[in-house]
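With my numbering, the residue at position 6 of the sequence shown is 8, and numbering never jumps.
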Amino acid sequence: MEIMFKIVTVCTGNICRSPMAHALLDAELTKEGLQDRVSVISAGISDEEHGNPVDSRAVTVLSRNSLELPDHQAHRITDDELQDADLMLAMTAAHQTELRRRLGDDQADQVRLMRSFGAEDIGDDELDIADPWYGDAEDFDLAWEQIQAAVPHVVSEVSKRLKSS
Numbered sequence: 003m004e005i006m007f008k009i010v011t012v013c014t015g016n017i018c019r020s021p022m023a024h025a026l027l028d029a030e031l032t033k034e035g036l037q038d039r040v041s042v043i044s045a046g047i048s049d050e051e052h053g054n055p056v057d058s059r060a061v062t063v064l065s066r067n068s069l070e071l072p073d074h075q076a077h078r079i080t081d082d083e084l085q086d087a088d089l090m091l092a093m094t095a096a097h098q099t100e101l102r103r104r105l106g107d108d109q110a111d112q113v114r115l116m117r118s119f120g121a122e123d124i125g126d127d128e129l130d131i132a133d134p135w136y137g138d139a140e141d142f143d144l145a146w147e148q149i150q151a152a153v154p155h156v157v158s159e160v161s162k163r164l165k166s167s
């Protein structure tokens, strides 16, 4: 079956938040039986980490949750990835702004803040996934918890879109 829906998770360097979101989304989509209809990739808005693997602190969080992305290599989101995505999940408002700038007005609604899914009790100014890069294990745990809270709502939304198409 052809992949019908493409998701891109996006953070700054593509070594911490977006790979964690990618791995968890893959796992949850598989649990829901959607792995043949949805593809997930991750990317960064910067190419400063190009070619690097997932940050070791993020690997620790993923391993603790029985997840991995062993072949991951960080990269900046390409124009083709931008054009092909049905949904881009930005980790912060700054990422969202950059993606929308690159896409233009016609496709701006394809870019959402990851935490905007299931965020009824979160203020608009608190929708960023915390950047753990400069922090320690607790900062990575916080980012993971924020991602983990959003993922079921993302999967639910994607499932609804697939049923209506």
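The C-beta atom is built at its ideal place from N, Cα and C for all residues, glycine as well.
Fair warning: this is a prediction, and the values are worked out from it, not measured in the lab.
- Please work out which residues of its chain come closer than 8 Å, Cβ to Cβ, to V40, disregarding the five sequence neighbours upstream and downstream, and give them in chain order. Cβ neighbours of V40 beyond the five flanking positions: I5, M6, F7, K8, I9, L31, V160, L164.
- Task: Compute the Euclidean distance between the alpha carbons of Q75 and I131, then round it to the nearest angstrom.
- Result: For Q75 and I131, the distance between alpha carbons rounds to 21 Å.
- Query: Below 8 Å, can you find three or more Cβ-Cβ pairs linking the region 51-67 to the region 81-94?
  - Reply: No contact exists between the region 51-67 and the region 81-94.
- Message: Under 8 Å, with one C-beta from each stretch per pair, do the region 149-156 and the region 104-123 reach the 3-pair mark?
- Response: Flag = yes, the region 149-156 and the region 104-123 touch.
- Provide the residue(s) that pair with C13 in DSSP beta bridges, ordered along the chain. Answer is G46, bridged to C13.
- Query: Between R114, S167, E147, which lies nearest to V63 when the distance is taken from Cα to Cα?
  - Reply: Just measuring C-alpha positions, the residue of R114, S167, E147 sitting nearest V63 is E147.
- Query: Can the beta-carbon of V12 be found closer than 7 Å to that of D28?
  - Reply: Going by C-beta atoms, V12 is not nearer than 7 Å to D28.
- Query: When the Cα atoms are used, what is the spatial distance from N16 to E51?
  - Reply: Rounded to the nearest angstrom, the two C-alpha atoms are 7 Å apart.
- Is the region 135-147 touching the region 18-26 in the sense that three or more CB pairs, one from each, lie closer than 8 Å? With a cut-off of 8 Å, the region 135-147 and the region 18-26 count as touching, because enough Cβ pairs lie within range.
- Message: Can you tell me whether M116 is helix, strand or coil according to DSSP?
- Response: Under the three-state reduction of DSSP output, M116 falls in the helix class.
- Message: So, with DSSP's three-state summary, where would you put S166?
- Response: Three-state DSSP puts S166 in a helix.
- CA-to-CA distance, H24 to D108, given in whole angstroms: Each residue's Cα considered, the two are about 25 Å apart.
- Task: In angstroms with no decimal places, state the Cα-to-Cα distance between E128 and T80.
- Result: Taking the straight line from one Cα to the other gives about 28 Å.
- Task: For S161, name the three-state secondary structure that DSSP assigns.
- Result: If DSSP states are grouped into helix, strand and coil, S161 belongs with the helices.
- Message: Can you give me the C-alpha to C-alpha distance between S44 and D138, rounded to a whole angstrom?
- Response: If you draw a straight line from the Cα of S44 to the Cα of D138, it comes to about 22 Å.
- Counting along the chain, where does the beta strand (DSSP E) carrying M93 start and finish? For M93, there is no enclosing beta strand (DSSP E), as DSSP marks it with neither H nor E.
- Query: Between R103 and L84, is the Cβ-Cβ spacing less than 7 Å?
  - Reply: Cβ distance not < 7 Å, so R103 and L84 don't count as in contact.
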